[in-house]
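Worksheet: one structure, shown below.
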Amino acid sequence: MKIVYAHHPEDVKTYTTEKLREEFVMETVFAADEITLTYSHVDRIIYGGAMPVEKALSLDAGKELAAKYFLERRELGVINVGGDGTITCDGEVHEIREKEGIYIGRGTKEVVFASKDPSRPAKFYLNSCPAHTSYPTVRINRQKALARPLGDNATMNKRTIYQFIHPDVLQSCQLSMGMTVLEEGSGWNTMPCHTHERRMEVYFYFDMAEDTRVFHMMGKPDETRHIVMSNEQAVLSPSWSIHAGIGTRNYTFIWGMCGENQDFDDMDHVAMKDLR
């Protein structure tokens, strides 16, 4: 588990491209028969991927959490971006197909990931944050997720936001999680942009062709930077940073947030004229 510490915005102004990538980008989210995780001191979020191919994978706490088991003091959100798979929670098997998800509550002692077909393995993308109480485990298919169509062709941001872990869908302590699908011909996400000092956010970009890239925008609104993202990479956004992107083609991304509240619309909007 890689550990990433918090970043002061004044320090980030001095970062080179290499340093930005080292501190904010998870270059490899999925590796065969491994669980690959990043632990950030920004709101203590953990994000990464589990890709079972030839064997099932068990989610263990490790030394980093100083816990008896991973979800002793945490909650977990998972969205599958690969082939059909299963997630077994304390002996209960949940079928998770492509672009379906699950919320797993605090206190679940055993979490095991498996694929149905090794030739098309499941790719489970994970977000986890500290939890103060326990809520029931809930499987989330595309019908259960709350769909919010946004944008239009004129501004190149026609998209649908699917809210998977959200107060209108299920109960969680502080984790929010969902998926945004851009339509063909659209490339912008979250522009006009915003910050939300109450919550951090992680983006995971996927459904991208090999020669496609997303230019992910970050930084203070008056001191922006960009990071070039490839398929199946994740990028961390501290609460003080904008988080937006423009792709060379349309793409899909998963967003996850944790912090002071779960109000999806609690945003500090940034006017275009104020961006630098």
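Numbering (my numbering), first residue to last: 60 to 335.
Ideal placement from N, C-alpha and C gives every residue a C-beta, glycine not left out.
Given the structure is predicted, the values throughout are model-derived calculations rather than measurements.
Residue i vs residue j beta-carbon contact at 8 Å
i, j, result
"VAL273", "SER296", "no"
"ILE155", "ILE146", "yes"
"GLY141", "LYS203", "no"
"TYR162", "ILE224", "yes"
"SER298", "HIS253", "no"
"LYS207", "ILE220", "The sequence as given places Arg at residue 207; Lys does not occur at that position. Yes."
"CYS148", "VAL170", "yes"
"SER174", "ARG133", "no"
"TYR194", "GLN230", "yes"
"ARG218", "VAL240", "yes"
"MET259", "MET331", "no"
"GLY136", "MET236", "yes"
"ILE62", "GLU123", "yes"
Beta-bridge pairing of residue i - partner residues as DSSP gives them
i, result
"THR95", "GLY108"
"PHE312", "THR239 and TYR264"
"LYS61", "THR97"
"LEU295", "VAL261"
"ARG218", "LEU209 and LEU241"
"LEU185", "GLY107 and VAL137"
"ARG198", "ILE161"
Terminal residues of the alpha helix (DSSP H) in which residue i lies
i, result
"LYS78", "76-83"
"PRO68", "68-71"
"TYR151", "In the sequence as presented, Tyr is not what sits at residue 151; that position holds Glu. Here GLU151 belongs to no alpha helix (DSSP H); instead the beta strand (DSSP E) covers 151-155."
"GLU123", "121-124"
CA nearest to the CA of residue i, picked from the options
i, options, result
"VAL329", "TYR310, THR307, ASN320 and ILE301", "ILE301"
"PRO189", "ILE62, TRP247, ARG103 and LEU241", "ARG103"
"PRO150", "THR196, HIS67 and VAL228", "One point to set straight first is that residue 150 is Gly, not Pro, in the sequence displayed. Per the Cα distances, THR196."
"TRP314", "THR283, GLU81 and PHE323", "PHE323"
"HIS67", "ALA268, LYS158, LYS61 and HIS100", "HIS100"
"ALA268", "GLY306, LYS168, TRP247 and ASN248", "GLY306"
N- and C-terminal bounds of the beta strand (DSSP E) containing residue i
i, result
"ARG284", "282-288"
"GLY141", "Neither: GLY141 is in no beta strand (DSSP E) and is coded neither H nor E."
"VAL273", "273-279"
"SER300", "Note, SER300: premise wrong, no beta strand (DSSP E); not H, not E."
"ARG179", "From DSSP, ARG179 is part of no beta strand (DSSP E); its letter is neither H nor E."
Nearest-angstrom beta carbon gap, residue j and residue i [assumed within contact, 8 Å]
i, j, result
"GLU86", "GLN292", "6 Å"
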